[in-house]
Each structure stands twice: as C-alpha cells, then as structure tokens.
Amino acid sequence: MLPLQLLRIRTRGGSITPLFCVDAEDLDLASRMIKAFEESHRKKERKGLLEKRIAAIESQYDDYKLVRGFYALLERRCEFNMATGIAADPFSVRKALFEESARRGFALTDLERNEIVSAVAAKLGISAKEVLQSMWGDLEENLVLDHFEPVDERTLVGWYNLSLMQTLLFNCTKLDFYVSGGTSWKDVLRNVKRLGLMYNLQQRPEGNSDGRTGEKEIVCSLDGPMSLFKLTDRYGTSIAKLLPSIVSSKKWYIDSWIVRKTMAGRKIYQFKISDADVPKLLTDPYSRVHEMFDSAVEEKFASRFEKSATGWQLIREPDPIVVSGGKALIPDFMFEKYNRRVYLEIIGFWTKEYLERKVGKMLDVAESGKIELFVAVNEELGCSKLSSLISKERLILYKDDSVPIKPILDYLKSIDREFIERKVADPEFRIELDPEAEIISINELARKNGVPEELVSKVASKNDRFVRAGMYLISKSKADKLRTVLEGVNKFAEACVLLSKNGIPEDSHADLVSKLGYSVMWQSMDPGSAIIRKAL
1177 MLPLQLLRIR TRGGSITPLF CVDAEDLDLA SRMIKAFEES HRKKERKGLL EKRIAAIESQ
1237 YDDYKLVRGF YALLERRCEF NMATGIAADP FSVRKALFEE SARRGFALTD LERNEIVSAV
1297 AAKLGISAKE VLQSMWGDLE ENLVLDHFEP VDERTLVGWY NLSLMQTLLF NCTKLDFYVS
1357 GGTSWKDVLR NVKRLGLMYN LQQRPEGNSD GRTGEKEIVC SLDGPMSLFK LTDRYGTSIA
1417 KLLPSIVSSK KWYIDSWIVR KTMAGRKIYQ FKISDADVPK LLTDPYSRVH EMFDSAVEEK
1477 FASRFEKSAT GWQLIREPDP IVVSGGKALI PDFMFEKYNR RVYLEIIGFW TKEYLERKVG
1537 KMLDVAESGK IELFVAVNEE LGCSKLSSLI SKERLILYKD DSVPIKPILD YLKSIDREFI
1597 ERKVADPEFR IELDPEAEII SINELARKNG VPEELVSKVA SKNDRFVRAG MYLISKSKAD
1657 KLRTVLEGVN KFAEACVLLS KNGIPEDSHA DLVSKLGYSV MWQSMDPGSA IIRKAL
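Per my numbering, the sequence shown runs over residues 1177 to 1712.
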C-alpha cells in the first residue's frame, strides 16, 4: 500500500481508476530511483543526503506523487541505523547538555556554549567533538543507510501498480470479486478467513454485469472497512492484503465501491477491473505462504491440543465446507482420524449482518446431519442467538482468550471408543502378529496399522500366543524361559537386570514380573530394597 496522499487516480462520472505505470518512461524513472538508493547504500550516506538525491530526480519530473510513491516502496527495503562514529547515546547526551545549560544559564555566546559542551564531554568521558556528533545522531535525517534489499525496475513498477489498487481499496464500502478454478478459490478463501474478513458467496446468473458470458460464476462479496464501526484501518489493511491472492489467479475481476472526499462532500465511485484490464506488470515482491495464526486464541488452542497427544490430526483452516446457496464455510480447525472429520469454528467480532449469515451457514451444516461442527464463542459477547440455535453439546463458551479443549477431547475420545468397539466386535478385523517375534511393541504395531493402541491391546489379548506386559507383547515361549531365569531370585533390582539382559524393555519389567507369577514387595521408596516373592 501507499500513503493515501500519494494515490494517483482518474475519475470519470461515477467510476474511478488508478493511474498505472505502463510505459518506458515509468521504467526509466524506476531505474533511476533504484540506482539512487544503491549509490546511497554503497556510500553509507545519511538519510538526509538520500532525500536530496531523490529531490533532484523529482525536480526533473512533473509527477510528484509517482516519484514519492516509488520512494515510499523502496524505503521499505532499507534499514537505517545510527552512524558508527556515534560515541554516546544521543538521548543521554542531550539530557546532559540541557541539564548543564539549565544549571549555568542560557548560552549567549560561542564561548559559553563551548564551555557547556566541554563540561558535558568531561562528565561523559568523551571529546567535545564527539558530544556534538552524538547530540542529534538519532534524528531520522542523520541515520545511515546500512542495508538495501535489491529490486529491479520491472518488479518495482509491478509492485507500484499493485499498491495503487490496494490503496484505492482501503476506503471501499463493498468488494465483489471472482477468481477462476477451484485451486484459486481455495487459496483466496483461506486468505479471506486468515485475514478475518467478513464474506458471502453468491452465484451469479449467466450474462454478468461485466460482460462475461457462459457458465454461472461464484462471486465473493466482502463488507468493506467503511461499512464497519471503529475497524477502518485494520479491516482496510486486510482487504488490501487479500488483493495479491486475487490477482494471482489466471482469470479474475473485482467490482468495488470506493468512498472519496470531494469539494461537495463524500462521494461513492465504482471501481471495476479484471485480468484483461490491468497492466502486464502487476507483482507483489513480498508474496509468500502464510502459516501464522489469525489470533492468540487460535494459537493457544492449537498448542494445547497438540500437547494432548490424541492421535487425531489437527488441520488449521481446512478445505471449505460448501453449504446451500453457493456459500462456503471455512472452519478454523479440523480434526481428522479414521477418515472422519470433526470441525471447530471460533467466532470473534461480528456485525449484525455478518452474524446472521454465519448462523445461517451453521444451521445449514447442522440440518444436513453430515458434518460434525463445534462452535466456540466468547461468553463476554453474550450471543444468545447462537446458544438458542446451536445444540448445547456443540456449543463451547470461552473467556480470557482460552478455548477449553475438554469438550473436543471428550467427543474425539467417544469416536475412538466407538471405533474400537466396532473393530473388536468385527470378526473380519485382524492384526497380524509375527509368529517368530518374541517381543512386539504395541505402540509400533498401532502406528503400522493406523489404529489406536487400545484397539491393538484388545485384539492382541485374544491371541493366546502372547502375554501383555506394559506396552509390549511377550511370546509365551519367551515368558516360560524367563520364569526359569528368575528361579531363586529374591531382589527386584536383580530381576530387572536379568530381564534387561534378555531384551525386555525397562518400562515393562514390573508388569512382566507380576505376569510371571511374582509379587513385588516394596520395603521403602528405594527400588533397590524391593524384593520379589513367588505367588502361592
């Protein structure tokens, strides 16, 4: 985006259009601007000198906004720091100078001024020259260009063209857009959700207002920042951030309504543009895949769920759920296991219209009976409408930015139990056990078969060739040999050493000793004092 005062536009009737860079002269200007920054970086110049370089270029061009627009974008690729010759913290130097001046009285002559500077220099342990150099070293104009991220003129012009569109959309009241292809819709809707934008999908009949014909098109409508109360900056920025994912589609168009101040007051203009209308150079040099969470609420929930080790895969912002009317619901999370999917939607702020649309989608999902959806709502919002429409079992109230994971875990565990019971009762279900193996890990067996450990344990317990000890299956032939090994052993510690020598994992020792017919007698908290006694 660009500062609003640098926006270049043309209005005609009720329409508005950005003034894009499209010719060789624009590329030449971009090249000169880049070289000015590179030269300033090479010489480690102060920002004040860089601005003089740009002012010299600006004097040769009629378009102040274009030059300053390029400057604003290039400045974002720079890192300015204080000069290396600064001997002391500028703020501390100024503070010491002002205090000394206040003590001595206002300096009316160069002599008095030099005496104050010398006194401060002695106090700080630096020279008088260093005091003068450090005093204003942190002013923006005195900062040095330490780093400049290179860019070519075509990329800069494309970035500028995209920024014009983004800046124009910052003050839109409504935005409709279309993209072609399922993959593009998926990417764009993910970004819509990630950016916290309020959207609505509609199907447009054949013969669209932009002249396109053919099959029906799904159009996404976004409420613009100017339609929300106290959300203008944040929401306007979010819409601007969405634009790169829209224009990256092979075919696209946007239709928006922009608020502009005129001599007669505020006026609304229509801004329509498509892939066929924009210049060839339209790029975003910082485009990348976003993996960040939308909020601390989501990040905290995901972190706590992952630590619960349920075996369920947690997927953030899964594929959209398509509901009636050509709409889509993209829940915040999906939990997947056994080819079964459970969704969680966390609701944040809303307007009345947004909530009505959201509730409508959720009711559609609930009425279908095919999708398992939980809804988490901040109880401070007091949304009674949701609590009356969504079943108590599927509604989660939270506060202090922390969504309880217990309701979700309980539900997922019930699915685990249902799956286990169904498999255990299924005579066709088998878990193959290596007949030659003497020790089998239940954990590894569960991972190999993609089933819960509890299911492996229950199914394996029906096999009379093995004995379960902790999370391991020990062949009965191996167990019989171990009984012989433990004959005459009295101390538990000694028994553990013998079991380890025979390949038995340490965390199953106590359970196996019991399965072999021994009782462990604990004399104290010290395992070395425990004894074993053969059960009668």
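All C-beta atoms in this analysis are idealised placements derived from N, C-alpha and C, irrespective of residue type, glycine included. In this text, all values refer to a predicted model and were calculated from it rather than measured experimentally.
What's the C-alpha gap between residue i and residue j?
i: Asn1384; j: Ser1339; result: Bear in mind that the predicted position of Asn1384 carries a pLDDT of just 47, short of 50, making it unreliable; the figure below should be weighed with that in mind. If you take the alpha carbons of Asn1384 and Ser1339, they lie about 27 Å apart.
i: Leu1457; j: Pro1496; result: 31 Å
i: Val1395; j: Ile1434; result: 18 Å
i: Trp1335; j: Asp1202; result: 13 Å
i: Ala1711; j: Lys1634; result: 26 Å
i: Arg1717; j: Leu1692; result: Only positions 1177 to 1712 of the chain appear in this structure, which leaves residue 1717 out of reach.
i: Leu1675; j: Leu1549; result: 49 Å
i: Gly1387; j: Lys1448; result: The pLDDT assigned to Gly1387 is 46, lower than 50, so where the model puts this residue is not dependable, and the model offers no usable value.
i: Leu1182; j: Gly1245; result: 6 Å
i: Asn1554; j: Leu1345; result: 31 Å
i: Val1327; j: Asn1347; result: 29 Å
i: Thr1331; j: Ile1210; result: 11 Å
i: Tyr1514; j: Lys1476; result: 26 Å
i: Ser1191; j: Arg1436; result: 11 Å
i: Ile1491; j: Ala1613; result: 37 Å
i: Lys1443; j: Lys1241; result: 22 Å
i: Asn1376; j: Val1551; result: 19 Å
i: Leu1284; j: Leu1226; result: 34 Å
i: Tyr1445; j: Gln1342; result: 15 Å
i: Trp1312; j: Asn1337; result: 37 Å
i: His1466; j: Arg1480; result: Note that His1466 scores 48 on pLDDT, short of 50, meaning its location in the model is unreliable; the coordinates nonetheless yield the value given after this. So the alpha carbons of these two residues sit roughly 21 Å apart.
i: Val1673; j: Ala1485; result: 32 Å
i: Ala1295; j: Glu1306; result: 13 Å
i: Lys1599; j: Leu1631; result: 8 Å
i: Tyr1519; j: Arg1623; result: 24 Å
Give me the residue from the options with the minimum Cα distance to residue i.
i: Val1541; options: Ile1444, Ala1552, Glu1614 and Ala1504; result: Ala1504
i: Glu1629; options: Asn1639, Ser1617 and Lys1638; result: Ser1617
i: Glu1682; options: Gly1646, Val1665 and Gly1664; result: Gly1646
i: Gly1700; options: Leu1674, Phe1668, Leu1688 and Ile1680; result: Looking at the sequence provided, one finds Ser at residue 1700 rather than Gly. Per the Cα distances, Phe1668.
i: Val1473; options: Leu1398, Phe1511, Asp1576 and Glu1493; result: Asp1576
i: Ile1522; options: Asn1515, Thr1413 and Met1510; result: Met1510
i: Leu1205; options: Pro1194, Ser1191 and Ser1235; result: Ser1235
i: Leu1195; options: Ala1706, Val1551, Val1296 and Val1333; result: Val1333
i: Lys1483; options: Asp1592, Leu1585, Asn1376 and Arg1279; result: Leu1585
i: Ile1615; options: Arg1188, Thr1459 and Leu1658; result: Leu1658
i: Ile1506; options: Pro1494, Glu1512 and Arg1516; result: Pro1494
i: Ala1263; options: Glu1214, Leu1300 and Met1538; result: Leu1300
i: Gly1499; options: Ser1471, Met1538, Ala1478 and Tyr1519; result: Looking at the sequence provided, one finds Val at residue 1499 rather than Gly. Among Ser1471, Met1538, Ala1478 and Tyr1519, the Cα nearest to that of Val1499 belongs to Met1538.
i: Met1374; options: Ser1397, Glu1663, Ser1360 and Lys1362; result: Ser1397
i: Asp1656; options: Phe1642, Glu1276 and Ala1686; result: Phe1642
i: Val1661; options: Leu1631, Glu1512 and Lys1677; result: Lys1677
i: Ala1212; options: Val1198, Ala1200, Ile1233 and Cys1197; result: Ile1233
i: Asp1460; options: Leu1249, Asp1239 and Ser1590; result: Leu1249
i: Ala1142; options: Ser1578, Ile1415 and Gly1412; result: Since the first residue shown for the chain is 1177 and the last is 1712, residue 1142 is missing from the structure and cannot be characterised.
i: Tyr1648; options: Asn1619, Ala1671 and Asn1625; result: Asn1619
Based on the DSSP output, what are the partners of residue i in its beta bridges?
i: Thr1187; result: Ile1192
i: Ser1695; result: Arg1709
i: Tyr1336; result: Note: Tyr1336 sits in no beta bridge, so no partner.
i: Gln1446; result: Ser1191 and Trp1433
i: Leu1438; result: Just to set this straight, residue 1438 is Thr in the shown sequence, not Leu. Gly1441.
i: Ser1578; result: Lys1575
i: Gly1350; result: A quick correction: the sequence has Lys, not Gly, at residue 1350. BP columns for Lys1350 point to Asp1399 and Trp1433.
i: Ile1680; result: Partner(s): none; Ile1680 has no beta bridge.
i: Tyr1123; result: Residue 1123 lies beyond the residue range present for the chain, which begins at 1177 and ends at 1712; the question has no answer from this structure.
i: Asn1554; result: Tyr1574
i: Phe1324; result: Cys1254
i: Tyr1585; result: With the sequence shown as reference, residue 1585 is identified as Leu, and Tyr is not the correct amino acid for it. Answer is none; Leu1585 lacks a bridge partner.
i: Leu1490; result: Phe1511
i: Trp1428; result: Val1355
Inside the segment 1631-1667 only - alpha helix (DSSP H) runs reaching at least 4 residues:
List check, alpha helix (DSSP H) in window: 1652-1661.
Fully enclosed by the segment 1603-1633, which alpha helix (DSSP H) runs are 4 residues long or longer?
1618-1625
Spell out a yes or no on whether the segment 1244-1264 and the segment 1306-1326 are touching, meaning 3 or more CB-CB pairs, one atom from each, closer than 8 Å.
yes
Inter-stretch contact (C-beta, 8 Å, three-pair minimum) for the segment 1569-1586 and the segment 1598-1617
With fewer than three CB-CB distances shorter than 8 Å, the segment 1569-1586 does not count as touching the segment 1598-1617.
With three or more beta-carbon pairs closer than 8 Å as the criterion, would you say the segment 1220-1231 touches the segment 1282-1292?
The answer is no - the segment 1282-1292 does not touch the segment 1220-1231, with fewer than three Cβ pairs under 8 Å.
Would the segment 1346-1365 count as touching the segment 1425-1433 if we require 3 or more Cβ pairs under 8 Å?
With the cut-off at 8 Å, the segment 1346-1365 and the segment 1425-1433 touch.
Any contact of the segment 1412-1421 with the segment 1355-1372, i.e. 3+ C-beta pairs under 8 Å?
Yes, they touch.
Considering only residues of the segment 1209-1272, which uninterrupted alpha helix (DSSP H) runs meet the minimum length of 4 residues and lie entirely inside it, listed in chain order?
1223-1234 and 1240-1251
Please specify which runs of the alpha helix (DSSP H), each continuous and at least 4 residues long, are wholly inside the segment 1274-1320, giving them in chain order.
1286-1300 and 1304-1311
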